[in-house]
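Student:
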Amino acid sequence: MTEPAIPQVATTQDDSPHEHISGIGSSVAIWIALLICTGLTAGVAFIDLGPFNTIVALGIATFKAILVVLFFMHVKYTHEKLTGLVIASAIFFLFILLTLSMADYGTRLWR
Amino acid sequence: MATNQAAVVGTHADQHDPALLHHFATKEQQKNSASLGMWLFLGQEVMFFGGMFCAYLVYRYKYFGDFGSASQTLNIWYGAINTGVLLCSSLTVVLAVRAAQLNKRKALTVWLLLTIVLGLAFLGIKGIEYAEKFQDHHIPGPTFAYHGTVPSHPNQQVDPHHAEIYFSLYFAMTGMHALHMIIGVGLFGTLAFWAWRGKYSANYYTPIENAGLYWHFVDIVWIYLFPLLYLIDRHR
Chain A
1 MTEPAIPQVA
11 TTQDDSPHEH
21 ISGIGSSVAI
31 WIALLICTGL
41 TAGVAFIDLG
51 PFNTIVALGI
61 ATFKAILVVL
71 FFMHVKYTHE
81 KLTGLVIASA
91 IFFLFILLTL
101 SMADYGTRLW
111 R
Chain B
112 MATNQAAVVG
122 THADQHDPAL
132 LHHFATKEQQ
142 KNSASLGMWL
152 FLGQEVMFFG
162 GMFCAYLVYR
172 YKYFGDFGSA
182 SQTLNIWYGA
192 INTGVLLCSS
202 LTVVLAVRAA
212 QLNKRKALTV
222 WLLLTIVLGL
232 AFLGIKGIEY
242 AEKFQDHHIP
252 GPTFAYHGTV
262 PSHPNQQVDP
272 HHAEIYFSLY
282 FAMTGMHALH
292 MIIGVGLFGT
302 LAFWAWRGKY
312 SANYYTPIEN
322 AGLYWHFVDI
332 VWIYLFPLLY
342 LIDRHR
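These protein sequences, in sequence, are chains A and B.
If you count by the working numbering, then the first sequence holds residues 1 to 111, one letter each, in order.
If you count by the working numbering, then the second sequence holds residues 112 to 347, one letter each, in order.
(1) What are the boundary residues of the beta strand (DSSP E) that B:Q267 is part of?
(2) Which of helix, strand or coil does DSSP assign to B:S182?
(3) For B:Y315, list the residues DSSP reports as bridge partners.
(4) Quick check: what's the CA-CA separation for A:L165 versus B:C165?
(5) If we define contact as Cβ-Cβ less than 8 Å, is B:N143 a contact residue for chain A?
(6) Please list, in chain order, the chain A residues whose beta carbon lies closer than 8 Å to that of B:M158.
(7) Around the Cβ of B:V208, are there at least 16 other Cβ atoms within 10 angstroms (buried) or fewer (exposed)?
(8) So which of B:E320, B:N193 and B:H273 has the shortest CA-CA distance to B:T285?
(9) Just mark B:L185 as buried or exposed, buried being the case when its beta carbon has 16 or more other beta carbons within 10 Å.
(10) Measuring CA to CA, which of B:L324, B:Y341 and B:W333 is closest to A:F72?
(11) Could you give the DSSP three-state label for A:T83: helix, strand or coil?
(12) Listing by chain order, which chain A residues have their CB less than 7 Å from the CB of B:D270?
(13) Please name the residues in the region 186 to 204 of chain B whose beta-carbon is closer than 7 Å to at least one beta-carbon of chain E, in chain order.
(14) Using 10 angstroms around the beta-carbon of B:D177, count the other beta-carbons present and answer buried if the total reaches 16, otherwise exposed.
(15) Put B:N137 into one of helix, strand or coil per three-state DSSP.
(16) Establish whether the CB of B:D330 and some CB of chain A are separated by less than 8 Å.
(17) Would B:Q212 pass as an interface residue toward chain A - the criterion being a Cβ-Cβ separation below 8 Å?
(18) Between B:A118 and chain A, is the shortest Cβ-Cβ distance under 8 Å, so that the two count as touching?
(19) Taking 8 Å as the CB-CB limit, is A:G106 close to chain B?
(20) Go ahead and pull the three-state DSSP assignment for A:T78.
(21) Which partner residues does B:T260 have in the DSSP bridge list?
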């Protein structure tokens, strides 16, 4: 395999893959999906699902957060693997905080 | 050796690019470094808000009925409209980044200004909500007074101390969120000024993108705050 020569003339500013430019259509589509989910969350809150109210509410909220992270924050279109690692780490440590705290408080025999 | 040299020195065009700081080898590396810095900051912010969410989780688990009653004193319309306002502002941020990528200076400035307007609208509605809480004597402290029944057990009176805990968490979490919004509005104001002066282009729009990441994160925090604070036990 031949090595690429050092360019002697001005080329495009970087030889790396170009940044993804969001399309107006897809951005608006995600936005509408987010608005619909908001209405859904508010509407479902008025239906009695027992303990599932909280689960559905948090599930919809997580779905919205995933849409924002992947599309609005461009994580789906980035070539940088480190970004995904940072996000996964933050969520992982947050889960440790929440689950271990609840394991503590939730198993105390308070009246 | 030639390839190594190219990797270290960077492309010929890069070297004369005023946007490339000399301690970075390529534009791409510079951009990725800035992006990583912002993402690490957002990771820290996840833990920061996470601490308050944890406190909320523990007390909501313990005093579910009382929290349900207190949650119903919040105006669900204000909360839902505020959520919509923030989602619209996230869209304007996305379109601002796009405008920067396409060298559209005026469009970029307009989208940044619209984001600011929507952010201020959110803060205004929050202010109205806080004013209502003040009138209802729901602000924790010496003026606090709460009377209500548990939604699932209408015979059971709400313990006002537990309701006060709910409102302490409400003001702490939404207050900290509002502080982040204020900082975001200030940030975007600065960006809008420099965007209007032509500082950003397809060649260099990193501040726009990273401020956008910050704004989207603050939006995500509110996406979780809305159901957790406003929508407990609403069906009763």
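The beta-carbon is built from N, C-alpha and C at its ideal position, and this holds for glycine as well.
Tutor: The short version:
(1) For the purposes of this step, residue 267 of chain B is identified with residue 156 of the second sequence, where counting begins at 1. Residues H264 to Q268.
(2) On the second sequence, residue 182 of chain B is found 71 positions in, with the first residue counted as 1. In the structure shown, B:S182 sits in a helix (DSSP, three-state: H, G or I).
(3) Position 204 of the second sequence, counted from the first residue, corresponds to residue 315 of chain B. According to DSSP, B:Y315 bridges with B:S312.
(4) This structure gives no information on residue 165 of chain A, because the portion of chain A shown stretches from 1 to 111.
(5) On the second sequence, position 32 is the one that residue 143 of chain B refers to. So yes, B:N143 belongs to the interface.
(6) Position 47 of the second sequence holds residue 158 of chain B. Here the neighbours are A90, F93, L94 and L97.
(7) Working through the second sequence from its first residue, we reach residue 208 of chain B at position 97. Classification of B:V208: buried, given that the 10 Å Cβ count is 16 or more.
(8) The residue given as residue 285 of chain B occupies position 174 in the second sequence. Looking at the Cα atoms, B:N193 is the closest of the given residues.
(9) In the second sequence, the residue the question calls residue 185 of chain B occupies position 74. Classification of B:L185: buried, given that the 10 Å Cβ count is 16 or more.
(10) In the first sequence, counting from the first residue as 1, residue 72 of chain A sits at position 72. Of B:L324, B:Y341 and B:W333, the residue nearest in Cα terms is B:L324.
(11) Mapped onto the first sequence, residue 83 of chain A falls at position 83. Of the three classes helix, strand and coil, the one that applies to A:T83 here is helix, per DSSP.
(12) Stepping through the second sequence from its first residue, residue 270 of chain B is reached at position 159. Chain A residues near B:D270: none, gap ~13 Å exceeds 7 Å.
(13) Included in the structure are the protein chains A and B, with no chain E among them.
(14) Your numbering for residue 177 of chain B matches position 66 in the second sequence. With 16 or more Cβ atoms within 10 Å of its Cβ, B:D177 is classed as buried.
(15) As a first step, residue 137 of chain B is located in the second sequence; it is residue number 26 there, counting from the start. Note that residue 137 of chain B corresponds to Thr in the displayed sequence, not to Asn. DSSP places B:T137 in coil when its eight states are reduced to three.
(16) Locating residue 330 of chain B in the second sequence gives position 219, where the first residue counts as 1. It does: the Cβ of B:D330 has a partner Cβ on chain A nearer than 8 Å.
(17) The residue you call residue 212 of chain B lines up with position 101 of the second sequence. Judged by the 8 Å Cβ criterion, B:Q212 is in contact with chain A.
(18) Counted from its first residue, the second sequence places residue 118 of chain B at position 7. A caution first: B:A118 carries a pLDDT of 49, below 50, which makes its placement in the model too unreliable to give a value.
(19) Here residue 106 of chain A refers to the residue found at position 106 when the first sequence is read from its first residue. Yes, A:G106 counts as interfacial toward chain B.
(20) On the first sequence, position 78 is the one that residue 78 of chain A refers to. It is coil, neither helix nor strand.
(21) Indexing the second sequence from 1 puts residue 260 of chain B at position 149. Answer is B:Q268, bridged to B:T260.
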